[in-house]
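Visitor: When you read off a place in the sequence shown, starting at 1, and then add 611, the result is the number in the working numbering.
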Amino acid sequence: MGYTNVGKSTLMNLLSKSDVFAENKLFATLDTTVRKVVIENIPFLLSDTVGFIRKLPHDLVESFKSTLDEVREADILVHVVDISHPNFEQHIHVVNETLNDLGVLDKPILLVFNKIDAFKYTVRDEDDLTEPGPEHRSLDDLKRSWMARGAYPSIFISAAQKINISELRAALMGLVKQIHFIRYPNTRPPEDWVEFQDGEQEV
Ligand SMILES: Nc1nc2c(ncn2[C@@H]2O[C@H](COP(=O)(O)OP(=O)(O)OP(=O)(O)O)[C@@H](O)[C@H]2O)c(=O)[nH]1
Ligand SMILES: [Mg+2]
């Protein structure tokens, strides 16, 4: 889930190798789409949702309700953000407000910063002594500040250019496994489960 036009459907297509409608316009997705995905022999359901926005067009309220149900019932929330958008932080805020209203902020959340290929910033002159603005933050600056906040695990990707997708898959699988083996304790854990329990990052 995430703000509208951030690349949720593009990412869904990539992870589930399906063909969910993706287009560069607001609200390309008008209902929730669920796909079964199997990674490392563990099946789970991946659901693509309608985009969040501050003021929802009236005729979308109904279709948005199913998105809210989906979010309420999900085990893991993948919050997709368009980091190339100048207002991406405001978008995160709008989405988080909705999650807060739904009372789902205690669910595991993976923050996925998408469109790193389209990310641009203004390089400051070395002798520029004025206060740096948000437009001067490089991708590394943003990575550092989001990692430092440590609120949620964050991954920086490009769904369109397929950058860092294996890192995203690994992070997602880490969360899926935690839930899978709590829910199905009798299923034989894969070899790497012990490592995972030790808190090691999977690659
Ligand atoms: N540059 C760039 N564009 C991307 C990336 N991922 C998606 N897009 C483009 O962003 C636009 C929106 O993508 P969608 O996948 O439809 O976005 P969405 O979040 O599902 O949008 P809604 O369903 O309308 O909320 C499309 O034109 C995509 O091609 C990316 O990593 N980089
Ligand atoms: Mg979509």
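Every residue gets a Cβ at the ideal spot worked out from N, C-alpha and C, and that includes glycine.
Please determine whether the Cβ atom of SER658 lies at a distance below 7 Å from any heavy atom of ligand 2.
Guide: Locating residue 658 in the sequence shown gives position 47, counting from the first residue. SER658 Cβ: outside cutoff for every heavy atom of ligand 2.
Visitor: Evaluate the contact criterion for the segment 721 to 735 versus the segment 768 to 788: three or more CB pairs, one atom per stretch, below 8 Å.
Guide: Yes, the segment 721 to 735 is in contact with the segment 768 to 788.
Visitor: Would you say the beta carbon of VAL692 is closer than 7 Å to some non-hydrogen atom of ligand 1?
Guide: Residue numbering aside, residue 692 sits at position 81 when the sequence shown is read from its first letter. No, the beta carbon of VAL692 sits no closer than 7 Å to any heavy atom of ligand 1.
Visitor: So which of LEU783, TYR795, ASN797 has the shortest CA-CA distance to LEU657?
Guide: Sequence index remark: in the sequence shown, residue 657 carries index 46 (1-based). Checking every option, the nearest Cα to that of LEU657 belongs to LEU783.
Visitor: Which value, in whole angstroms, describes the spacing of the CA atoms of PHE699 and VAL715?
Guide: The residue given as residue 699 occupies position 88 in the sequence shown. The residue given as residue 715 occupies position 104 in the sequence shown. Each residue's Cα considered, the two are about 21 Å apart.
Visitor: At what residues does the beta strand (DSSP E) containing THR621 begin and finish?
Guide: For this step, residue 621 is matched to residue 10 along the sequence shown. Where THR621 is concerned, there is no enclosing beta strand (DSSP E), although the alpha helix (DSSP H) it sits in stretches over 619 to 627.
Visitor: Which of helix, strand or coil does DSSP assign to ASN698?
Guide: One-based indexing of the sequence shown puts residue 698 at position 87. Coil.
Visitor: If we count the other Cβ atoms within 10 Å of its Cβ and call it buried at 16 or more, is ALA770 buried or exposed?
Guide: Taking the sequence shown and counting its residues from 1, the one referred to as residue 770 is at position 159. Under this definition ALA770 is a buried residue.
Visitor: How about SER620: is its Cβ closer than 7 Å to a heavy atom in ligand 2?
Guide: Locating residue 620 in the sequence shown gives position 9, counting from the first residue. It does: the Cβ of SER620 is within 7 Å (strictly closer) of some heavy atom of ligand 2.
Visitor: Let me know the secondary structure DSSP gives THR644 once reduced to three states.
Guide: Position 33 of the sequence shown, counted from the first residue, corresponds to residue 644. DSSP places THR644 in strand when its eight states are reduced to three.
Visitor: In this structure, does DSSP put VAL581 in helix, strand or coil?
Guide: Outside the displayed span of the chain (612 to 814) sits residue 581, for which this structure offers no information.
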